[in-house]
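J.: Going by the numbering used here, the first residue of the sequence shown is number 2, and it counts up by one from there.
Backbone N, C-alpha and C define an ideal beta-carbon position, used for all residues, glycine too.
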Amino acid sequence: MTEQDFILKTYNSKIENGSVKWASPSNIALVKYWGKKKHQIPENPSISFTLSDCKTITEITYSKKNEDGFSFDVYFEGEKNEAFKPKIKTFFERIEVYMPFLKEYHFKIETTNTFPHSSGIASSASGMSAIALCLMSIEKELKTDDGNSKIDNKSYFNQKASFLARLGSGSACRSIEGEIVVWGENETFTQSSDLYGVKFEGDVHSNFSNYQDAILLVDKGEKQVSSTVGHQLMYGHPFAKERFAQAHDNLAKLKTILASGDLNEFIKIVESEALTLHAMMMTSMPYFILMKPNTLEVINKIWAYREKTESKVCFTLDAGANVHVLYPENEKENVLEFIKNELVSYCQNGQYICDQIGQGANQIQL
Ligand code: PMV
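1. Who are the Cβ neighbours of SER346 in its own chain at under 7 Å, not counting the five residues just before and after it?
2. What did DSSP end up calling GLN5 once you bin it into helix, strand or coil?
3. Please classify LYS22 as buried or exposed, where buried requires at least 16 other C-beta atoms within 10 Å of its C-beta.
4. Where does TRP35 sit, in a helix, a strand or coil, going by DSSP?
5. Is the Cβ-Cβ distance between ASP356 and ILE139 less than 8 Å?
6. With 16 other CB atoms within 10 Å as the buried threshold, where does THR310 fall?
7. Output the residue ranges of the alpha helix (DSSP H) runs that lie fully inside the segment 87–173 and measure 4 residues or longer, sorted by chain position.
8. Check each candidate in GLN5, GLU105, LYS88 and name the one with the smallest Cα separation from PHE71.
9. In angstroms, rounded to a whole number, what distance separates the CA positions of GLU186 and ASN342?
10. Quick one: what's got a C-beta closer than 7 Å to CYS348's C-beta in the same chain, skipping five residues either side?
11. Ends of the beta strand (DSSP E) at THR229?
12. Confirm, please, whether the CB-CB distance from ASN251 to GLU274 is below 8 Å.
13. Using a Cβ-Cβ cut-off of 6 Å (strictly less than) and excluding sequence neighbours within five positions of GLU1, which residues of its own chain qualify?
14. Hey, out of SER210, ALA24, ASN28, whose CA is closest to GLY198's CA?
15. Give the list of continuous alpha helix (DSSP H) stretches no shorter than 4 residues that lie fully inside the segment 220–303.
16. Using the beta-carbon count (16 or more within 10 Å), is THR296 buried or exposed?
17. Determine whether the beta carbon atoms of ALA362 and ALA24 lie at a separation below 8 Å.
18. Rounding to the nearest angstrom, what Cα-Cα distance links GLU94 and ILE365 in this structure?
19. Compute the Euclidean distance between the alpha carbons of ARG244 and ALA253, then round it to the nearest angstrom.
20. Suppose contacts are defined by Cβ-Cβ distances below 8 Å. Is ALA133 in contact with ALA166 by that definition?
21. Flag TYR197 as yes when its Cβ comes closer than 7 Å to any non-hydrogen atom of the ligand PMV, and as no otherwise.
22. Expressed to the nearest angstrom, what Euclidean distance is found between the alpha-carbon atoms of LYS65 and GLN160?
23. Which word fits MET100, buried or exposed, when buried means at least 16 other C-beta atoms lie within 10 angstroms of its C-beta?
24. Does the Cβ of LYS33 lie closer than 7 Å to at least one heavy atom of the ligand PMV?
25. Please classify LEU218: does DSSP put it in a helix, a strand, or coil?
26. Between the C-alpha atoms of GLU223 and ILE48, what's the straight-line distance to the nearest angstrom?
27. Heavy atom of the ligand PMV less than 7 Å from the Cβ of GLY171, yes or no?
28. Look at the alpha carbon of PHE77 and the alpha carbon of ALA126, and state the distance between them as a whole number of angstroms.
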């Protein structure tokens with residue numbers, strides 16, 4: 002697939018209005034995407050677990066209009082929201098060439114998250130993928146009898162949804178499908194693409210069934226440095242070349258680990274990836290730190306717990322201070338006890354969210 006394959010050529014502009022709705026999950030990267038080229042093309046491949054319960058639910062109502070230009074309103078948790086508009090406008094500008102009907106309709110975008118408001122959880126992956134999926138459903142409703150029937154093909158639908166989501170926020174392209182998604186060209190997965198995420202089709206050992214992710218909300222504040230700025234700082238970064246090569250290596254290793262179920266090796270890759278991501282931030286120019294003292298406290302507690310119990314619990318980090326605690330389902334009772342007894346005190350207001358690996362986005366019938 003190339004960009005050209007995603008250009009919508011004909012559509013039925015007689016349709017006056019309609020509504021579509023999707024629930025789309027967040028995802029957590031195991032091998033991290035950090036550094037991009039123009040047009041949201043990643044510098045290195047990444048792989049993620051799709052989450053199950055941390056979702057954005059978005060309904061888009063479209064109605065025909067006459068004036069020129071983009072026209073849309075955004076409602077977040079029931080209230081009109083101006084703050085999200087610039088990001089969505091940029092998104093519309095980027096995708097207009099693939100969705101030429103965008104200027105013909107007014108869009109009412111109503112969105113809610115299942116996770117607490119301002120929890121510091123990145124909502125751009127779930128949020129942008131939910132909008133992309135709604136727009137794909139609108140494209141489907143505007144289908145003509147002849148021209149664009151490839152939209153009925155589920156694989157094309159998902160690929161284009163992922164392609165569009167990527168143009169909203171890179172990691173959002175990994176939120177369309179479950180349970181494991183790869184994004185970015187690499188030698189290990191020949192089907193993978195820089196343009197969209199693809200479902201991981203390799204063998205997955207039962208050790209990873211219903212893999213758990215407890216998200217500890219260590220710091221819910223606004224990040225001092227956005228991901229956009231962080232990615233840019235990988236240009237001319239002294240360790241960029243080695244880091245990008247390392248991501249390719251880790252992806253190849255992870256493929257073998259996912260098949261063998263070797264959780265000790267899994268831990269090594271996942272924790273090293275998280276710390277490397279933050280090491281890149283600390284060695285950028287200007288340098289910055291997104292971890293907080295409690296992030297390190299939690300990491301040390303996890304290491305001590307593992308030492309003591311031989312548990313396979315491990316951590317990973319996003320571009321922020323919160324800690325994702327990953328563990329196999331058969332340790333659920335023990336790890337939740339450990340979190341309650343030893344980690345909750347490091348979370349802001351004692352807050353954490355229990356989630357697990359999920360199946361991807363769902364359309365909600367209206
Ligand atoms: O999708 P963005 O541009 O917000 O970048 C997110 C990057 C990380 O979350 C840090 C890593 C990843 O692969 O999700």
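T.: By the coordinates alone:
1. Excluding sequence neighbours, SER346 sits near nothing in its chain.
2. Helix.
3. A buried status is given to LYS22, since no fewer than 16 other beta-carbon atoms sit within 10 Å of its beta-carbon.
4. Coil, per DSSP.
5. ILE139 sits away from ASP356, with the two beta carbons spaced by 8 Å or more.
6. Exposed.
7. Fully contained in the segment 87–173 are the following alpha helix (DSSP H) runs of length 4 or more, in chain order: 125–142, 155–169.
8. Just measuring C-alpha positions, the residue of GLN5, GLU105, LYS88 sitting nearest PHE71 is GLU105.
9. Cα-Cα distance, rounded: 43 Å.
10. If we look at CYS348 and ignore the five residues flanking it on each side, its Cβ neighbours are LEU217, LEU218, VAL219.
11. No beta strand (DSSP E) holds THR229; the alpha helix (DSSP H) holding it covers 228–233.
12. Note that the C-beta distance between GLU274 and ASN251 is below 8 Å.
13. With the chain covering 2 to 367 only, the question about residue 1 has no answer from this structure.
14. Per the C-alpha coordinates, the member of SER210, ALA24, ASN28 positioned closest to GLY198 is ASN28.
15. Correct list: 228–233, 241–261, 264–283.
16. Counting Cβ neighbours within 10 Å, THR296 comes out buried, since at least 16 surround it.
17. Between ALA362 and ALA24, the gap from beta carbon to beta carbon is short of 8 Å.
18. Their Cα atoms are separated by approximately 26 Å.
19. The straight-line gap from Cα to Cα measures roughly 14 Å.
20. Yes, they are a contact pair.
21. If you check the C-beta of TYR197 against the ligand PMV, you find no heavy atom less than 7 Å away.
22. So the two alpha carbons sit approximately 27 Å from each other.
23. A residue is called buried once 16 or more other Cβ atoms fall within 10 Å of its Cβ, and MET100 is buried on that count.
24. Under cutoff, so the answer is yes.
25. Looking at LEU218 - three-state DSSP - the assignment turns out to be coil, as it is neither helix nor strand.
26. The straight-line gap from Cα to Cα measures roughly 26 Å.
27. Flag set: Cβ of GLY171 near the ligand PMV.
28. Each residue's Cα considered, the two are about 16 Å apart.
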